[in-house]
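Visitor: I'd like to ask some things about the structure below.
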Amino acid sequence: MAVIDPIKVVLTDFPENEIEEFEIKDEISGTRKIPFSKIIYIDQSDFRLEDDPNFKRLAPGKSVCLMFSHDAKKTTADKSYRITCTDYIQDENGKVTQLMAICDRGVNHKTKAPARIQWVAESPLHNSPIKAQVNLYSNLFLHENPSSNPDGWLADVNPNSLEIKTAFV
């Protein structure tokens with residue numbers, strides 16, 4: 533899994549030094565183990581400070597399931613771990629920098645969570661997360677026909693066509 537724009541989530545009810553491993557089956561590459569710990573990272577786009585009925589991911593007081601947070605040998609996907617956002621921390625500019633959440637560890641849920649989101653755990657034992665440079669590309673030119681620019685097509689190059697991010701995988 534990968535989180536392109538990571539935000540830290542502290543699971544306040546998860547034991548401090550506990551690390552779980554989920555064994556994930558893949559028909560092509562076999563099985564792999566992924567760690568789960570008190571600190572995980574989700575993508576910024578999977579959280580909103582102001583909830584909206586059409587937004588199916590995490591917001592204060594709202595729950596989501598975590599993808600692959602069940603052991604394929606022991607349980608089924610309907611017992612995936614579910615987190616509920618209980619609080620958050622903002623920086624001086626109002627940007628949310630950390631979430632606090634509680635974790636429902638794989639019980640049979642009475643209601644279906646609206647979404648499953650990707651996550652990456654913090655686990656030094658597993659060298660997780662690993663940082664990766666991600667290049668996000670948008671339109672190279674500002675206009676549909678760059679050669680129509682009176683200053684030449686080079687003047688029509690979009691200076692923001694490449695965004696470089698540090699993702700967690």
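Here the sequence shown stands for residues 533 to 701, where the numbers follow this note's numbering.
Heads up, the beta-carbon is just placed ideally off N, CA and C, and yes, glycines get one too.
(1) Going by alpha carbons, who is nearest to LYS485 out of ALA647, LYS557, ILE551 and TYR620?
(2) Is the Cβ-Cβ distance between PHE568 and ALA653 less than 9 Å?
(3) Determine the closest residue to ASN692 out of TYR573, TRP685 and LEU672, with distance taken between C-alpha atoms.
(4) Compare the beta carbon distance of ASP537 and ALA699 with 9 Å and say whether it is the shorter of the two.
(5) ASP558 lies in the beta strand (DSSP E); which residues open and close that run?
(6) Under DSSP, the beta strand (DSSP E) around ASN692 begins and ends at which residues?
(7) Within 10 angstroms of its Cβ, does SER595 collect 16 or more other Cβ (buried), or is it exposed?
(8) Below 7 Å CB to CB, which residues in the same chain sit around SER601 once its five sequence neighbours on both sides are set aside?
(9) Which residues mark the beginning and the end of the beta strand (DSSP E) in which ARG564 is found?
(10) Skipping 5 residues on each side, what residues in its chain have a beta carbon closer than 6 Å to that of LYS565?
(11) Where does ASP545 sit, in a helix, a strand or coil, going by DSSP?
(12) How many angstroms separate the CA atom of ILE696 from the CA atom of ARG648?
Guide: This is what the structure holds:
(1) With the chain running from 533 to 701 in the structure shown, residue 485 is simply not present.
(2) Residue numbering aside, residue 568 sits at position 36 when the sequence shown is read from its first letter. Residue numbering aside, residue 653 sits at position 121 when the sequence shown is read from its first letter. Yes; because the gap between Cβ atoms is below 9 Å, this pair is in contact.
(3) Residue mapping note: residue 692 aligns to position 160 of the sequence shown, counting from 1. With distances taken between Cα atoms, ASN692 lies closest to LEU672.
(4) Here residue 537 refers to the residue found at position 5 of the sequence shown. Here residue 699 refers to the residue found at position 167 of the sequence shown. Yes; because the gap between Cβ atoms is below 9 Å, this pair is in contact.
(5) As a first step, residue 558 must be located in the sequence shown, where it is residue number 26. Unbroken beta strand (DSSP E) run through ASP558: 552-558.
(6) By 1-based counting over the sequence shown, the position of residue 692 is 160. Neither: ASN692 is in no beta strand (DSSP E) and is coded neither H nor E.
(7) In the sequence shown, counting from the first residue as 1, residue 595 sits at position 63. Label assigned to SER595: buried.
(8) The sequence position of residue 601 within the sequence shown is 69, counting from 1. Correct list, in chain order: PHE554, PHE568, SER612 and TYR613.
(9) Here residue 564 refers to the residue found at position 32 of the sequence shown. Here the beta strand (DSSP E) through ARG564 covers 562-568.
(10) Here residue 565 corresponds to residue number 33 of the sequence shown, with the count starting at 1. Only GLU553 and GLU555 meet the Cβ criterion.
(11) In the sequence shown, residue 545 corresponds to position 13, counting from 1. ASP545: coil per DSSP, three-state reduction.
(12) In the sequence shown, residue 696 corresponds to position 164, counting from 1. In the sequence shown, residue 648 corresponds to position 116, counting from 1. Linking ILE696 to ARG648 through their CA atoms gives a straight-line distance of about 26 Å.
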